[in-house]
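> Chains as they are written, first to last, in my numbering: chain A, 1000 to 1174; chain B, 1000 to 1174.
Glycine residues also receive a C-beta, built at the ideal position from the N, C-alpha and C atoms.
Predicted, not measured: the structure shown is a model, and the values here were computed from it.
The structure is given below, and queries will be raised subsequently.
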DNA sequence: ACTTCTAAGGTCAAAGTAGGTCAAAGAATT
DNA sequence: AATTCTTTGACCTACTTTGACCTTAGAAGT
């Protein structure tokens, strides 16, 4: 079995275990994990960037420096869900601006997302936002990625609101 | 947990407690605090300069010499003024991801934008969103443009909410 | 008043810690 | 054989912690 697959399933186990608790997602130390698997730390990045992408429903944030860490959150959309369908089938890997607008309209009228969220996403995908000298194809790829990541964020928020309005984790206080 | 975070939340607790009384802000002794946390005194300065800046809504004065001390005051600025200021002065034409996150944090703690908006914007600017093969400089230019467009969208929404059917909320200014 | 002492706080650079990127080499698939 | 996927390592960026050295305010001694 490939190393990457082992690391992938290890991380998925961690996430599975964390889902039973109240915690949202998991935190891991890149160097620890690399040492555990006797591999280069950058191998962890490879696994993350190939198997824990927004396309797979994962959101990642990380911090460098002392006490740094990598946080992974899995956002699950039920496969029967209309929103899930739109995200998977319509976003794809490339989105023109008109396509993006149409999709946002559909999402809004079907009440999948709020008009407010739609407006913000539209702003991020607008020509103004993407006014840098790169080929249009790359912009369309960008639109798809940004759209996907933002929709995932919205879904995550909506789900956590549904679970419990008081799920606000700020920071642990150790003094 | 990082030492700096502990110190930060300790200070914020002090400020929170002081806000219940009539006192304006708090006073602390640098050396005392450093001893309490078993760290170098300059660590306190580090925390102050990274987490209690004017951008975060804090004003700091200090006195040296015998009986010297550090005074920290949390100032409530008008959210829209602060937002305007940060858009004009801090966004610029290029934003690294850490810079963007810092800016969003500042906007959030000073109540210029909601945590929800901040999260959505952060999603748009995340490495995952911008995972296309273009040089980092272009990504930074993109971040700045996306940030500006989205913040302006937020401002416009806030302003139209104020004009709209919802009663005007006049906030008292404590300065 | 003037100088000196001492008790604060301030600055800055270096070391320490931790994650990110990229390209080249190696392995597996087609 | 060609292509694609995996693994590794050299180098980069970001955040934290510490310590040496500097500045200032007030107190004490003259």
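Can you give me the start and stop residues for the alpha helix (DSSP H) that residue 1157 (chain A) sits inside?
By 1-based counting over the first chain, the position of residue 1157 (chain A) is 158. Counting along the chain, the alpha helix (DSSP H) containing residue 1157 (chain A) begins and ends at 1135–1162.
> State whether the segment 1151–1160 of chain A contacts the segment 1112–1130 of chain B, with contact taken as three or more CB pairs (one from each stretch) at a distance under 8 Å.
Yes, the segment 1151–1160 of chain A is in contact with the segment 1112–1130 of chain B.
> Can the beta-carbon of residue 1018 (chain A) be found closer than 8 Å to that of residue 1070 (chain A)?
Working through the first chain from its first residue, we reach residue 1018 (chain A) at position 19. Working through the first chain from its first residue, we reach residue 1070 (chain A) at position 71. No.
> Does any residue of chain A have a CB that is nearer than 8 Å to the CB of residue 1116 (chain B)?
To locate residue 1116 (chain B), count along the second chain from 1; it is residue 117. For residue 1116 (chain B), the answer is yes, since a Cβ of chain A falls inside 8 Å of its Cβ.
> Going along the chain, which residues of its own chain have a beta-carbon closer than 7 Å to the beta-carbon of residue 1094 (chain B), five neighbours each way excluded?
Against the second chain, residue 1094 (chain B) aligns to sequence position 95. Within the same chain, residue 1094 (chain B) has close Cβ partners 1139, 1142, 1143 and 1146.
> Does the beta carbon of residue 1087 (chain A) come closer than 8 Å to any beta carbon on chain B?
Residue 1087 (chain A) sits at position 88 when you count from the first residue of the first chain. Answer no: the Cβ-Cβ gap between residue 1087 (chain A) and chain B never drops below 8 Å.
> On the three-state DSSP scale, how would you describe residue 1055 (chain A)?
Translated into positions along the first chain, residue 1055 (chain A) becomes position 56. It is helical.
> Tell me, please, whether the CB atom of residue 955 (chain A) is closer than 8 Å to any CB atom in chain B?
With chain A covering only 1000 through 1174, there is no way to say anything about residue 955 (chain A).
> Any Cβ of chain A within less than 8 Å of the Cβ of residue 1025 (chain B)?
The count along the second chain starts at 1 and reaches residue 1025 (chain B) at position 26. So no, residue 1025 (chain B) is outside the interface.
> Distance check for residue 1087 (chain A) and residue 1054 (chain A), CA to CA, integer angstroms please.
Numbered from 1 along the first chain, position 55 holds the residue referred to as residue 1054 (chain A). Numbered from 1 along the first chain, position 88 holds the residue referred to as residue 1087 (chain A). Straight-line Cα distance between these residues: approximately 8 Å.
> Going by DSSP in three states, residue 1073 (chain B) sits in which element: helix, strand or coil?
Within the second chain, the letter at position 74 stands for residue 1073 (chain B). Strand.
> Checking 8 Å against the spacing of the C-beta atoms, do residue 1186 (chain B) and residue 1137 (chain B) come in under that value?
This structure cannot speak to residue 1186 (chain B), because chain B is shown only from 1000 to 1174.
> Quick one, which of A:1039, A:1080, A:1049 and A:1024 has its alpha-carbon nearest residue 1060 (chain A)'s?
Walking along the first chain from the start, residue 1060 (chain A) turns up at place 61. Ranking the options by Cα distance to residue 1060 (chain A), first place goes to A:1024.
> Go ahead and pull the three-state DSSP assignment for residue 1027 (chain A).
Reading the first chain from its first residue, position 28 is the one you call residue 1027 (chain A). Residue state, collapsed to three classes: strand.
> What in chain B is Cβ-close to residue 1065 (chain A), meaning under 7 Å?
The sequence position of residue 1065 (chain A) within the first chain is 66, counting from 1. Those within 7 Å of residue 1065 (chain A) in chain B are 1001.
> Give me the subset of the segment 1130–1141 of chain A whose CB atoms are less than 7 Å from a CB atom of chain B, sorted by chain position.
Correct list: 1130, 1131, 1133, 1137, 1140 and 1141.
> Residue 1091 (chain A) and residue 1074 (chain A) - do their beta-carbons sit closer together than 8 Å?
What you label residue 1074 (chain A) is simply residue 75 of the first chain in a count that begins at 1. What you label residue 1091 (chain A) is simply residue 92 of the first chain in a count that begins at 1. No.
> Using a C-beta to C-beta distance shorter than 7 Å, which residues of chain B count as neighbours of residue 1049 (chain A)?
In the first chain, residue 1049 (chain A) corresponds to position 50, counting from 1. Those do not exist, as residue 1049 (chain A) stays about 11 Å from chain B at its closest Cβ, beyond 7 Å.
> Going by beta-carbon coordinates alone, are residue 1014 (chain A) and residue 1046 (chain A) separated by less than 8 Å?
Numbered from 1 along the first chain, position 15 holds the residue referred to as residue 1014 (chain A). Numbered from 1 along the first chain, position 47 holds the residue referred to as residue 1046 (chain A). No, these two residues do not count as a Cβ contact at 8 Å.
> So what's residue 1060 (chain A) in DSSP terms, helix, strand or just coil?
Position 61 of the first chain, counted from the start, is the residue given in the question as residue 1060 (chain A). Residue state, collapsed to three classes: strand.
> Have a look at residue 1116 (chain A) and residue 1118 (chain B) and give me their C-alpha separation to the nearest angstrom.
For the purposes of this step, residue 1116 (chain A) is identified with residue 117 of the first chain, where counting begins at 1. For the purposes of this step, residue 1118 (chain B) is identified with residue 119 of the second chain, where counting begins at 1. Whole-angstrom Cα-Cα distance: 11 Å.
> Less than 7 Å between C-beta atoms, sequence neighbours within five positions excluded: which residues of the same chain meet that for residue 964 (chain B)?
What the structure shows of chain B is the stretch from 1000 to 1174, and residue 964 (chain B) is not part of that stretch, so it cannot be assessed.
> Would residue 1010 (chain A) and residue 1029 (chain A) be called neighbours here (beta carbons separated by less than 8 Å)?
In the first chain, residue 1010 (chain A) corresponds to position 11, counting from 1. In the first chain, residue 1029 (chain A) corresponds to position 30, counting from 1. Their beta carbons are not under 8 Å apart, which means residue 1010 (chain A) does not touch residue 1029 (chain A) by this criterion.
> If I follow the unbroken alpha helix (DSSP H) through residue 1080 (chain A), where does it start and stop?
For this step, residue 1080 (chain A) is matched to residue 81 along the first chain. It is not in any alpha helix (DSSP H) - residue 1080 (chain A) carries neither H nor E in the DSSP assignment.
> Following the continuous alpha helix (DSSP H) through residue 1097 (chain A), name the residue where it begins and the one where it ends.
Here residue 1097 (chain A) corresponds to residue number 98 of the first chain, with the count starting at 1. Segment 1096–1108, the alpha helix (DSSP H) holding residue 1097 (chain A).
> Would you tell me roughly how many angstroms separate the C-alpha atoms of residue 1161 (chain A) and residue 1062 (chain B), rounded to the nearest one?
As a position in the first chain, residue 1161 (chain A) is number 162, starting the count at 1. As a position in the second chain, residue 1062 (chain B) is number 63, starting the count at 1. For residue 1161 (chain A) and residue 1062 (chain B), the distance between alpha carbons rounds to 50 Å.
> Whole angstroms is fine: what's the gap from residue 1126 (chain A)'s alpha carbon to residue 1101 (chain A)'s?
For the purposes of this step, residue 1126 (chain A) is taken as the residue at position 127 of the first chain. For the purposes of this step, residue 1101 (chain A) is taken as the residue at position 102 of the first chain. In a straight line, the C-alpha of residue 1126 (chain A) is about 15 Å away from that of residue 1101 (chain A).
> For residue 1038 (chain B), write down the residues that DSSP places opposite it in a beta bridge.
Along the second chain, read from residue 1 onward, the residue named residue 1038 (chain B) stands at position 39. According to DSSP, residue 1038 (chain B) bridges with nothing at all.
> Could you check the C-alpha separation between residue 1076 (chain A) and residue 1021 (chain A) for me, to the nearest Å?
The residue you call residue 1076 (chain A) lines up with position 77 of the first chain. The residue you call residue 1021 (chain A) lines up with position 22 of the first chain. If you take the alpha carbons of residue 1076 (chain A) and residue 1021 (chain A), they lie about 18 Å apart.
> When the Cα atoms are used, what is the spatial distance from residue 1065 (chain B) to residue 1098 (chain B)?
Taking the second chain and counting its residues from 1, one reaches residue 1065 (chain B) at position 66. Taking the second chain and counting its residues from 1, one reaches residue 1098 (chain B) at position 99. Looking at the two C-alpha atoms, the distance is approximately 38 Å.
> Using 8 Å as the threshold, is the C-beta distance between residue 1128 (chain B) and residue 1052 (chain A) below it?
Along the second chain, read from residue 1 onward, the residue named residue 1128 (chain B) stands at position 129. Along the first chain, read from residue 1 onward, the residue named residue 1052 (chain A) stands at position 53. Going by C-beta atoms, residue 1128 (chain B) is not nearer than 8 Å to residue 1052 (chain A).
> Taking only the alpha-carbon atoms, compute the straight-line gap between residue 1037 (chain B) and residue 1134 (chain B) and give it to the nearest angstrom.
In the second chain, counting from the first residue as 1, residue 1037 (chain B) sits at position 38. In the second chain, counting from the first residue as 1, residue 1134 (chain B) sits at position 135. Cα-Cα distance, rounded: 43 Å.
> For residue 1058 (chain A), count neighbouring C-beta atoms within 10 Å of its own C-beta (all shown protein chains included) and say buried if the count is 16 or more, exposed if not.
Numbered from its first residue, the first chain carries residue 1058 (chain A) at position 59. That one is buried.
> By how many angstroms is the C-alpha of residue 1089 (chain A) removed from the C-alpha of residue 1031 (chain A)?
Taking the first chain and counting its residues from 1, the one referred to as residue 1031 (chain A) is at position 32. Taking the first chain and counting its residues from 1, the one referred to as residue 1089 (chain A) is at position 90. Taking the straight line from one Cα to the other gives about 38 Å.
> In whole angstroms, give me the CA-to-CA distance for residue 1096 (chain A) and residue 1016 (chain B).
On the first chain, position 97 is the one that residue 1096 (chain A) refers to. On the second chain, position 17 is the one that residue 1016 (chain B) refers to. Whole-angstrom Cα-Cα distance: 50 Å.
> Among A:1131, A:1132, A:1050 and A:1072, whose alpha-carbon lies nearest the alpha-carbon of residue 1159 (chain A)?
Position 160 of the first chain, counting from 1, holds the residue named residue 1159 (chain A). Considering only alpha carbons, the answer is A:1072.
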